[in-house]
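So the structure is just underneath, and the comments pick up after that.
2 protein chains.
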Amino acid sequence: MNNLGRKIRELREKQNLLLRQVAARLEVDTALISKIERGERNASKQQVIDIANFLKANEEELLTLWLADKIKSVIVEEPAIAYQAMKIANKNLKNEERH
Amino acid sequence: MNNLGRKIRELREKQNLLLRQVAARLEVDTALISKIERGERNASKQQVIDIANFLKANEEELLTLWLADKIKSVIVEEPAIAYQAMKIANKNLKNEERH
DNA sequence: TTATATTTGACAATATTTGACAAGCCAAAT
DNA sequence: ATTTGGCTTGTCAAATATTGTCAAATATAA
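In the order they appear, the protein sequences are chains A and B. Under numbering that gives the first Met the number 0, the first residue of the first sequence carries the number 0, and numbering increases by one thereafter. Under numbering that gives the first Met the number 0, the first residue of the second sequence carries the number 0, and numbering increases by one thereafter.
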């Protein structure tokens, strides 16, 4: 399970909602929501936004988890150099802020 | 231009090598190397390794730049939440070290 | 100009991702 | 013991993305 999936499942269960109900709202198959919660499939950005609305969650928070999962899926293949690469990417980010 | 492309071009020019020569060694079209240097195309991991060998560069260093570019391409679409997402991804990384 | 190096855009071939569907699993209810 | 309800799993075709090449365009240098 990934960051986003865990959070979505937690929110959904707290509100006693069924996968089926979330799926209906997003107009997708139940299986897809199941896969998103278990981290087997990635949600699209729009899906994350829709889920946030439906589950009354903070949209930015969910999008942040979603992005974190995307970063994770990139670095997971290269754990030995991941940290250093993140440092560089972070520096890039800051440099671009200044332009 | 991205981190890897800039470094490759720098190394290649310092050694007075042509795109054509690098391309020959990697057995790809010259245009592809040009695109990799300019960040228009991503190199595969194997290509990075081959380039490092040919240019007598540190393989891990180039792979780190390559990974940084991949991270960057993920976060660039969401600059507002990128920093926070990186923090989470980094925490994930550390947690997995401990298991 | 001429020759050589690099860049560009379009393209086909491949690979990956997407979401639906159907079948399966499991626990609880009947 | 069977049915029901919720969730999971595997597979598929369609859509989308990525790959490397080719030929043409553009630079760079002599």
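Quick reminder that beta carbons are idealized off the backbone N, C-alpha and C, glycines included.
Min CB distance M85 of chain B to chain A below 7 Å: yes
Just how far apart, CA to CA, sit G38 of chain B and L31 of chain B? 10 Å
Hey, out of A:A84, A:W65 and A:R97, whose CA is closest to L3 of chain B's CA? A:A84
Determine, using beta carbons only, whether D49 of chain B and N1 of chain B come nearer to each other than 7 Å. no
Just reading off the alpha helix (DSSP H) that R40 of chain A is part of, what are its end residues? Premise fails: R40 of chain A is in no alpha helix (DSSP H) and is neither H nor E.
From B:K90, B:I80, B:A88 and B:N94, pick the residue whose C-alpha is nearest to that of E96 of chain A; which is it? B:I80
Determine contact between the region 16–31 of chain B and the region 61–75 of chain B, defined as no fewer than three beta-carbon pairs at a distance below 8 Å. no
Measuring CA to CA, which of A:E12, A:R5, A:I87 and A:K13 is closest to K34 of chain A? A:R5
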